[in-house]
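Asker: For what it's worth, the working numbering labels the leading residue of the sequence shown as 16, then goes sequentially.
Cβ coordinates follow ideal geometry from the N, Cα and C atoms, glycine included.
Questions regarding the structure given below will be posed in turn.
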Amino acid sequence: GRIEDTFPLYEQVIEFAPESHIHQFNYGQSLLNQESFAKAAEHLGLAAELVEEKHSMFYRTLGQACLYALELDKALAALQTCIELDPNEMEAFLMLIQTKIELEQFQEALDDSDKLLKKEAEDKSLIERVLLLKGTAFLGLKKYQAAEDIYTPLAKTKGLRQKDALYGLGTVFYESGDSNKAYRFMKAAKNGRHNLAQEYINAYLQEFLEDIKERSLKANEAEYSKNEASPFLQQLFGKLWKFSDLESKKLEDWPADQVQKAKDALSAFSMLLTEKGAVLVSDDKEEVLTYRIKKEAKTGALVEFLPLDNFPSFVVKLQLNEGGVTFSKEANEVLHLEQQDLSTVPTAIIENYKKHLRKESVAYLGDKAAAIVDVLL
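Here it is as structure tokens:
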């Protein structure tokens with residue numbers, strides 16, 4: 016696993032033994048692990064040529080490198096050779112289907128998917144992966160209902176492929192013209208930690224989001240003056256509040272190390288509040304909100320937060336304490352927040368804001384947030 020130590024040795028071996036198929040293969044595989052796909056494909060191709068007796072492993076790995084390097088015709092040839100050598104190379108079969116999708120050979124990809132599904136009836140994980148590719152092929156053929164029918168059962172099943180199915184449904188609804196459903200499924204995929212969902216939202220759904228955001232803000236405009244006049248909320252405005260501690264009934268019987276893990280998971284949570292709205296950001300998600308006061312006292316308030324993407328509202332109890340403010344969304348669970356010095360904002364908090372937000376998306380918060388936004392974004 017010490018790539019920084021082993022890689023230079025591979026380079027030296029290749030220099031002295033360029034005709035060795037096994038050294039070319041090892042070097043190519045090391046390049047593949049480092050995501051140097053085109054160079055990996057070059058050396059894995061040499062390995063496949065040099066080996067005296069063709070072996071499926073060489074062609075599977077070559078096909079993978081070519082696919083990732085988007086050398087699709089080479090990937091197709093290598094993966095087909097691999098399957099000819101060993102018809103049970105399931106990973107190669109999956110990559111072959113993916114390659115055909117990339118080449119827009121959607122019907123062929125569908126046919127291969129059906130062949131593989133007939134061949135493999137036991138491996139649940141493999142079947143789910145084939146179905147996801149089948150859904151993508153239907154999408155390529157603009158058979159939206161067929162794609163939806165493939166993705167929906169997978170999206171309803173908890174497991175490794177759920178987020179991929181949610182993402183697939185997002186693409187289906189966007190391509191078929193339903194931005195509202197597309198966003199809802201993409202957000203669900205993002206919350207499930209799909210690594211492309213936020214990029215998809217940024218690329219295709221920003222206009223839709225801006226439209227519903229404007230309507231949400233307009234609908235809550237009458238509350239701004241009440242929020243601004245609140246003596247309690249005035250003490251929170253224009254400050255960055257970050258997580259400092261957690262109290263929870265759920266954690267009372269947990270081992271100390273598990274309690275610490277739960278707190279560590281919340282360590283990058285922060286809140287920014289003005290009279291017009293609030294932003295809540297953590298490691299894996301963000302909430303961009305407006306709000307209204309439900310009930311208020313001198314040292315606290317019940318606040319109904321209204322997500323600007325039209326998701327359901329939720330009520331939070333905010334209350335001053337000696338160290339800052341408490342934030343309670345669930346019964347018997349209290350987050351303690353403290354004011355963050357803007358000159359020493361932790362890198363993790365800044366990275367989360369940059370990962371989830373743009374300056375334009377929080378501009379509605381107004382002047383009270385400007386100094387903080389400049390630091391974070």
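1) Measuring CB to CB, does L78 end up less than 8 Å from A53?
2) From F252, S358 and S328, pick the residue whose C-alpha is nearest to that of K344; which is it?
3) Bridge partners of P322, per DSSP?
4) Cβ atoms of W256 and E348: under 8 Å apart, would you say?
5) Could you please give me the residues that DSSP links to M286 through a beta bridge?
6) Tell me whether R230 is buried or exposed, calling it buried when 16 or more other Cβ atoms sit within 10 Å of its Cβ.
7) With respect to the alpha helix (DSSP H) encompassing Q79, which residues constitute its N-terminal and C-terminal limits?
8) Figure out for me which residue from A56, G292 and V187 has the closest Cα to the Cα of A161.
9) DSSP three-state label for N336, please.
10) When you compare each of T21, E366, G192 and K130 to L392 by their alpha carbons, which one comes out closest?
11) Nearest to N210 by CA position, among G185, E238, D179 and Y379, is which residue?
12) Tell whether a beta-carbon distance below 8 Å holds between L65 and A55.
13) Pairing CB atoms from the stretch 94-106 with CB atoms from the stretch 61-75, are three or more of them under 8 Å?
14) Mind checking whether I116 and G155 have CB atoms under 8 Å apart?
15) Taking 8 Å as the limit between beta carbons, can you name the residues of its chain near K374, skipping five residues before and five after?
16) E290 and F252 look like a contact to me (Cβ under 8 Å); what is the Cβ gap, rounded to whole Å?
17) Helix, strand or coil for A32? Go by DSSP, reduced to three states.
18) Can you tell me where the alpha helix (DSSP H) with E117 in it begins and where it stops?
19) Taking DSSP as the reference, what is the three-state secondary structure of A312?
20) Below 8 Å, can you find three or more Cβ-Cβ pairs linking the stretch 167-186 to the stretch 195-211?
21) Would you say F247 and A316 are within 8 Å of each other, going by their C-beta atoms?
22) My output table needs one value for K171: the three-state DSSP class, helix, strand or coil.
23) Determine the direct distance from the alpha carbon of D298 to that of A363, and round the result to whole angstroms.
24) For the alpha helix (DSSP H) containing H58, name the first residue and the last one.
25) Rounded to whole angstroms, what's the CA-CA distance from L357 to L335? Just pull it up for me.
26) In three-state DSSP terms, what is Q120?
Answerer: For this structure:
1) Position check: residue 78 holds Gly in this sequence, whereas Leu was assumed. No.
2) S328
3) L304
4) no
5) W256 and L295
6) exposed
7) S71 to Y83
8) V187
9) strand
10) E366
11) D179
12) no
13) yes
14) yes
15) V388 and L392
16) 7 Å
17) coil
18) M105 to E117
19) strand
20) yes
21) yes
22) coil
23) 8 Å
24) F52 to L65
25) 20 Å
26) coil
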